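This note's numbering applies: residue 16 is where the sequence shown begins, and numbers increase by one.
Positions of the beta carbon are idealized from the N, C-alpha and C atoms, including for glycine.
Note that the structure is predicted; figures quoted are calculated from it, not measured.
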Amino acid sequence: MENLKFLKKIGLAWLVAGVLLLGASCVRTQPANQSTAISNVSAAPVPSPDSSEWPASFNFGKPATSQEIALLDIDVRPDGKGLPQGSGTVLAGKAIYAVKCAACHGKTGIEGPNNRLVSVTDSEIAGAESSKEKTIGNYWPYATTLFDYIRRAMPFNAPGSLTNEEVYALTAFLLNANKIIPPEAKMNAITLPKVVMPAQKLFVPDDRRGGSEVR
16 MENLKFLKKI GLAWLVAGVL LLGASCVRTQ PANQSTAISN VSAAPVPSPD SSEWPASFNF
76 GKPATSQEIA LLDIDVRPDG KGLPQGSGTV LAGKAIYAVK CAACHGKTGI EGPNNRLVSV
136 TDSEIAGAES SKEKTIGNYW PYATTLFDYI RRAMPFNAPG SLTNEEVYAL TAFLLNANKI
196 IPPEAKMNAI TLPKVVMPAQ KLFVPDDRRG GSEVR
């Protein structure tokens, strides 16, 4: 009877040992199997598209006409090249601003809710460290590119809808509001390039021409 109990104990011990060895073997072989599976997937060839039967053109779009290009080719350079015909006064610009601009920039260009346009104190002059918000008066480098920006991008809900006369008038109004031109000034393709912005001296030409020294 005692021999039978002894044999049962030995058999149980061998059974436990066998289970442990089998588990250890599975743990050791699993990563290898996974690695093999991953490598097999990675090595699978990627089919390349057969372009031999593609058409010469997919007929998307069409060549732009000279009239279509002219509608978009309206950039104005700092020296005034590209300015259109027309003119505008400070008084006319004030009326246009009240209707088409004040809702976003405030009644006088200060109140917002969007960007402030006007500098109001001496601490906001161009280059003053105490100026915490960029405005036309303390940051914009050229009066000509102010015209360009207004014509292209404003008003926000209808960009490109202003006439050239309206843009000249708005430019005159905003320059006067920033104390850059007098109230009686009229802006056009001749007078606008002559306006010297207070912040122009803060900008310098980018003389980098590429090469290893440019990183």
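According to DSSP, Gly-76 shares a beta bridge with no other residue. Val-114 is classed as exposed because its beta carbon has fewer than 16 other beta carbons within 10 Å across all chains shown. In the three-state DSSP reduction, Ser-63 falls in the coil class, being neither helix nor strand.
Sequence-distant Cβ neighbours of Ala-184 in its own chain, meaning closer than 7 Å and more than five residues away, are Gly-103, Thr-104, Ala-107, Gly-108 and Ile-111.
Counting of Cβ neighbours within 10 angstroms places Phe-75 among the exposed residues, the total staying below 16.
Asn-191 carries a helical assignment under DSSP once its states are collapsed to helix, strand and coil. Taking 8 Å as the cut-off, the Cβ atoms of Leu-189 and Leu-132 count as close.
For Thr-104, the enclosing beta strand (DSSP E) has its first and last residue at 102 to 104.
The beta-carbon distance between Met-202 and Ala-214, rounded to whole angstroms, is 18 Å. This is too long to meet the 8 Å contact definition.
DSSP places Val-210 outside both helix and strand once states are collapsed to three, so it counts as coil. The alpha carbon of Leu-207 has as its nearest neighbour, out of Lys-96, Glu-181, Thr-159 and Pro-174, the alpha carbon of Thr-159. Taken through DSSP and simplified to helix, strand or coil, Lys-115 comes out as helix. Your pair Gly-124 and Asn-179 does not check out as a contact, with CB atoms roughly 21 Å apart and the cut at 8 Å. Taking the Cβ atoms as the reference, Asn-193 lies roughly 5 Å from Ile-151, within the contact range of under 8 Å. Pairing Val-91 with Asp-163 gives a Cβ-Cβ distance under 8 Å. If you draw a straight line from the Cα of Glu-126 to the Cα of His-120, it comes to about 6 Å.
In the DSSP assignment, Asn-129 falls outside any alpha helix (DSSP H), carrying neither H nor E.
C-alpha of Ile-89 to C-alpha of Phe-73: approximately 31 Å in a straight line. The three-state secondary structure of Lys-216, taken from DSSP, is helix. When the five nearest sequence neighbours on each side are left out, the beta carbons in the same chain lying within less than 8 Å of the beta carbon of Asp-94 are those of Thr-159 and Pro-208, in order along the chain.
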